[in-house]
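Residue numbers (my numbering), protein chains in the order written: chain A, 1 to 111; chain B, 1001 to 1110. Yeah, the Cβ is synthetic: ideal placement off N, Cα and C, and Gly gets one too.
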């Protein structure tokens, strides 16, 4: 069974630039999550999708972050414009019911 | 609001030693508890999932327990190996989002 795929794996940008991350969940998983993990911290949920609808985006900084899940499968997370404090690993996870399965993450560095 | 604490933050042991990682939480109204492993620069690998109605789960050399009344979970690793070196995170699933601890960084020395 293929796992959760994410791209790119690494991204370096300057502040005020825009960036987008892509996630392809495990086939058949209805729920998709985007997490932000700052160095030395546990992951923090940014947004949760059930199929292509948003379940929870309470911790998503909506002035600069946006996310969509196309046709209830792939998802993209965008940051526009980026700030220095956005430097982190962005993790995508999917779940069929209770257990979450994570992708390798995208490490973002904002200079 | 659920808060998850993992102690110690870092642990270094010699190869072959049995060890216990601790996870405590403030809200016992949980659906499940999940233990993950994270290697440097990598994503999270799910190790064990304990449903709210269960007391423990085992997989190979790993055993995880859950005591909701005391707000604690432990991850027991038997006969540790250098390949076990990683950061171990626990996460609580409840009516809200999955809440993670900060993790315990384990180093197993040959």
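Residue i to residue j, Cα distance in whole Å?
i                       : j                       : result
residue 90 of chain A   : residue 1008 of chain B : 25 Å
residue 78 of chain A   : residue 1110 of chain B : 43 Å
residue 99 of chain A   : residue 7 of chain A    : 22 Å
residue 10 of chain A   : residue 34 of chain A   : 16 Å
residue 103 of chain A  : residue 1044 of chain B : 7 Å
residue 1031 of chain B : residue 1069 of chain B : 14 Å
residue 1050 of chain B : residue 80 of chain A   : 38 Å
residue 16 of chain A   : residue 65 of chain A   : 13 Å
residue 84 of chain A   : residue 1053 of chain B : 43 Å
residue 3 of chain A    : residue 73 of chain A   : 14 Å
Which residues in chain A have a C-beta closer than 8 Å to the C-beta of residue i? List them in chain order.
i                       : result
residue 1049 of chain B : 98 and 99
residue 1031 of chain B : 98
Return the Cβ separation of residue i and residue j in integer angstroms, given the expectation that the two are a contact with Cβ distance under 8 Å.
i                       : j                       : result
residue 1018 of chain B : residue 1086 of chain B : Contact flag wrong, Cβ pair sits at about 17 Å.
residue 82 of chain A   : residue 18 of chain A   : 7 Å
residue 45 of chain A   : residue 59 of chain A   : 6 Å
residue 1088 of chain B : residue 1104 of chain B : 5 Å
residue 43 of chain A   : residue 36 of chain A   : 7 Å
Looking only at its own chain, which residues have a Cβ that is under 6 Å from the Cβ of residue i, when we skip the five neighbours before and after it?
i                       : result
residue 1099 of chain B : 1002, 1004 and 1092
residue 75 of chain A   : 23, 32 and 69
residue 109 of chain A  : 12 and 87
residue 1107 of chain B : 1012 and 1085
residue 48 of chain A   : 33, 55 and 56
residue 151 of chain A  : Outside the displayed range of chain A (1 to 111) lies residue 151 of chain A, so it cannot be described from this structure.
residue 1076 of chain B : 1020 and 1063
residue 1010 of chain B : 1105
Looking only at its own chain, which residues have a Cβ that is under 8 Å from the Cβ of residue i, when we skip the five neighbours before and after it?
i                       : result
residue 71 of chain A   : 52
residue 29 of chain A   : 94, 95, 96 and 101
residue 1101 of chain B : 1004, 1005, 1006, 1023, 1089, 1090 and 1091
For residue i, return the contacting residues in chain B, with the cut-off set at a CB-CB distance below 7 Å.
i                      : result
residue 25 of chain A  : In chain order: nothing, as chain B lies at least about 13 Å away.
residue 102 of chain A : 1043 and 1044
residue 43 of chain A  : 1100
For residue i, which residues in chain A fall below 7 Å Cβ to Cβ?
i                       : result
residue 1011 of chain B : Going along chain A, no residue has its Cβ under 7 Å from residue 1011 of chain B, so there is no contact; the nearest lies around 16 Å.
Find the residues of chain B that neighbour residue i, judging by a C-beta separation of less than 8 Å, and give them in chain order.
i                      : result
residue 107 of chain A : 1041
Going by beta carbon distance, what residues of the same chain come within less than 7 Å of residue i, once the five residues before and after it are set aside?
i                       : result
residue 1065 of chain B : 1055, 1056, 1073 and 1074
residue 1015 of chain B : 1080, 1081, 1082, 1108, 1109 and 1110
Taking Cβ-Cβ distances shorter than 9 Å, what residues in chain A pair up with residue i?
i                       : result
residue 1089 of chain B : 42 and 43
Taking contact to mean at least 3 C-beta pairs separated by less than 8 Å, is the region 1025–1035 of chain B in contact with the region 1050–1063 of chain B? yes
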